[in-house]
Amino acid sequence: MNHKVNSFIEKHTLLKKGSTVLIGVSGGPDSMALLHFLHAIKQEWQLHLIALSVDHGLRGEESRQDIEYVKKMCGTWGIQFVGTYLDVPTYKKKTKKGTQVAAREMRYQFFEEQMEYFNATHLALGHHADDQAETMVMRFIRESQPKALIGIPFKRPFSNGWIIRPFLTIKKAELETYCWEHNIIPRRDPSNEDSTYTRNYVRNHILPKLVERNPNLHTNMQRLSESIASDESFLQNEAEKVVSEAVTFKKIEKEVVFNVSAFNQYAPSLQRRAFHLILNYLYGTIPKDVSYVHEEHFFQLLLSKRANTSLDFPMGLRVMKAYQTVLFRFEDGKGRRIHSLLPVPGKVLLPDGSTIISTFAKAYLKESRNSLFIDSNLVNLPLIVRSREPGDRIVIRGLNGSKKVKDVFIDEKIPHHQRGSWPIITDQTGNILWIIGLKKGITRNSKGAENFIRLDYNKTNLAHM
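For what it's worth, full-length UniProt numbering labels the leading residue of the sequence shown as 1, then goes sequentially.
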């Protein structure tokens, strides 16, 4: 066993000479074997070892005895010891999390605090080949993402260093033998036999059947894990390039936008990973109720022939496709509708930070896309800046008759999610004078006029036009 573990450590660079290594020790056979093994190679690797032991407050006197046992063995072997009590039952009740999740969160927070306190480079944990096989089977049952089959990583960043698992190629039975050979009498946790927990059910009922069919199951699964991890690392790096090249992140608005044609140039495997990177950015931690179904619907949205369509994700995230643009945005449920009086002279501030300024003018000047001159004799004040309303129509300069505002938006390919907050200027009677940036109504007499109202739209970088 020693040769196997040493080879694994060297192959994956799990240790460096002179490292400060914290060891998570429960008192069970796995962690006690790890504690003894690292103590045995301490001189060769010039390691500073510190054992960490946790009483989760779940098994009363029994768990307190576990800590005392670990403390006693550390004293015998000359290893520094740190033990702590964690009130998991209270934390579980407060956070409404399951026992296993609550215990893990508190345990790892303690580990992180000790990593920082000792300025440690490594945290060694006793997960072994059986744990790896159990994890991969459980994830195969529960999850649909390929990376789930990576299982338990042999090394990953943690706090100011690394979590390492030197025993991932070693079977549980080998660790039991190791303890027996070195006169180690480990503690036993009866809850490990309780098959109401999924992991224990897999351990006690499923894996033995699989091993009957293939005695090399543990070795094969570890190889599969390492192979998938290597492939996933490469694909993830490529997906990050996709996001960098094709996706725009708007930090102020917490929005993400991309062009469908540009996104579709990449392979589906990279698109999937880019999709998850986007969700990671927006959510921080992707909610558990975001599932494979959401991913499927997202890719159906990309293929949709509809000009405007959308999806609702958990926690108010909406994914909207408007023509060739896809936008991810959290909806606050309040909307951004507009309805303000525009005094003359005066100013209106729009929700996106842009402004509309009105002044009196003695002469008509050439208009720009963002300015409008109105014959003051043709309108009834006050002017109103508002969002569109059902049935809105505008008489457009140079055209006979009127046109639906809805059709103007469609012709101009305005994304559906922007139409409700697009500013429209009317007079007191409801006559539409200007769909800002798009179409202008009849606002002056062709025979000439002497008094005008000048409107100027000043957009900000946040504005949608």
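Built from N, CA and C at the ideal position, the CB exists for glycine as well.
Any idea if residue i is buried or exposed, counting beta-carbon neighbours within 10 angstroms, 16 or more meaning buried?
i: Ala33; result: buried
i: Met315; result: exposed
i: Phe452; result: buried
i: Trp180; result: exposed
i: Ile185; result: exposed
i: residue 467; result: Residue 467 falls outside the range modelled here, since the chain spans only 1 to 465, and no answer is possible.
i: Leu455; result: buried
i: Ser195; result: exposed
i: Lys17; result: exposed
i: Ile356; result: buried
i: Lys334; result: Because the pLDDT of Lys334 is 45, which lies under 50, any placement of that residue in the model is unreliable, and the number read from its coordinates should be weighed accordingly. Counting Cβ neighbours within 10 Å, Lys334 comes out exposed, since fewer than 16 surround it.
i: Pro215; result: exposed
i: Leu399; result: exposed
i: Arg142; result: exposed
i: Gln128; result: First, the residue type needs correcting, since residue 128 is His and not Gln in the sequence shown. By the 10 Å Cβ count, His128 comes out buried.
i: Asn2; result: exposed
i: Lys413; result: exposed
i: Asp392; result: buried
i: Val256; result: buried
i: Gly78; result: exposed
i: Val101; result: exposed
i: Gln271; result: buried
i: Leu207; result: buried
i: Tyr299; result: Reading the sequence as shown, one finds Phe at residue 299 and not Tyr. Phe299 comes out exposed.
Given a cut-off of 7 angstroms, decide if residue j and residue i are closer than it, judged by their beta-carbon atoms.
i: Thr169; j: Lys288; result: no
i: Met221; j: Ala124; result: no
i: Asn20; j: Thr84; result: One point to set straight first is that residue 20 is Thr, not Asn, in the sequence displayed. Their beta carbons are not under 7 angstroms apart, which means Thr20 does not touch Thr84 by this criterion.
i: Val242; j: Ala274; result: yes
i: Arg156; j: Ile163; result: yes
i: Gln324; j: Ser244; result: no
i: Lys440; j: Arg397; result: yes
i: Gly60; j: Pro89; result: no
i: Asp66; j: Gly27; result: yes
i: Thr443; j: Asn380; result: no
i: Val405; j: Arg386; result: no
i: Val137; j: Val202; result: yes
i: Ile425; j: Leu378; result: no
i: Met115; j: Gly161; result: yes
i: Pro415; j: Ala322; result: yes
i: Leu342; j: Ser358; result: yes
i: Glu174; j: Pro29; result: no
i: Leu317; j: Phe330; result: yes
i: Phe234; j: Val247; result: no
i: Trp422; j: Leu372; result: no
i: Val82; j: Leu47; result: no
i: Phe154; j: His36; result: no
i: Leu438; j: Val408; result: yes
i: Leu49; j: Leu38; result: yes
i: Leu217; j: Leu210; result: yes
i: Phe167; j: Gly126; result: yes
i: Thr99; j: Lys92; result: yes
Could you spell out where the beta strand (DSSP E) holding residue i opens and where it closes?
i: Met136; result: That residue, Met136, is in no beta strand (DSSP E); its alpha helix (DSSP H) goes Ala129 to Arg142.
i: Glu450; result: Neither: Glu450 is in no beta strand (DSSP E) and is coded neither H nor E.
i: Val256; result: Glu255 to Asn259
i: Ala124; result: His122 to Ala124
i: Tyr85; result: Gln80 to Tyr85
i: Ser26; result: That residue, Ser26, is in no beta strand (DSSP E); it is neither H nor E in DSSP.
i: His339; result: His339 to Leu342
In the DSSP assignment, what residue or residues form a beta bridge with residue i?
i: Ile163; result: Leu123 and Arg156
i: Lys347; result: Ile357
i: Leu381; result: DSSP, once it has assigned bridges, lists no residue as partnering Leu381.
i: Val319; result: Leu311 and Phe328
i: Tyr457; result: Ile356
i: Phe373; result: Arg454
i: Thr20; result: His48
i: residue 467; result: Here the chain covers residues 1 to 465 and nothing more, so residue 467 does not appear.
i: Ser191; result: In DSSP, Ser191 forms no bridge with anything.
The alpha helix (DSSP H) that contains residue i, what's its start and end?
i: Leu175; result: Lys172 to Glu181
i: Lys92; result: Val88 to Thr95
i: Tyr364; result: Unbroken run through Tyr364: none, as it is neither H nor E.
i: Gln145; result: Per DSSP, Gln145 belongs to no alpha helix (DSSP H) and is neither H nor E.
i: Thr99; result: Thr99 to Phe118
**Request:** Only counting runs of 4 or more residues, tell me where the alpha helix (DSSP H) segments fall wholly within the segment 264-315, in order along the chain.
**Result:** 268-283 and 292-303
**Request:** Please list the segments of the alpha helix (DSSP H) lying wholly inside the UniProt domain "Lysidine-tRNA(Ile) synthetase C-terminal" (383-455), counting only runs of 4 or more residues, in order along the chain.
**Result:** 405-411 and 416-419
**Prompt:** What are the complete alpha helix (DSSP H) segments, minimum 4 residues, inside the segment 193-263?
**Reply:** 198-201, 207-213, 217-246 and 260-263
**Item:** Every unbroken alpha helix (DSSP H) within the segment 35-85, with a cutoff of 4 residues, ordered by chain
**Value:** 42-45 and 61-77
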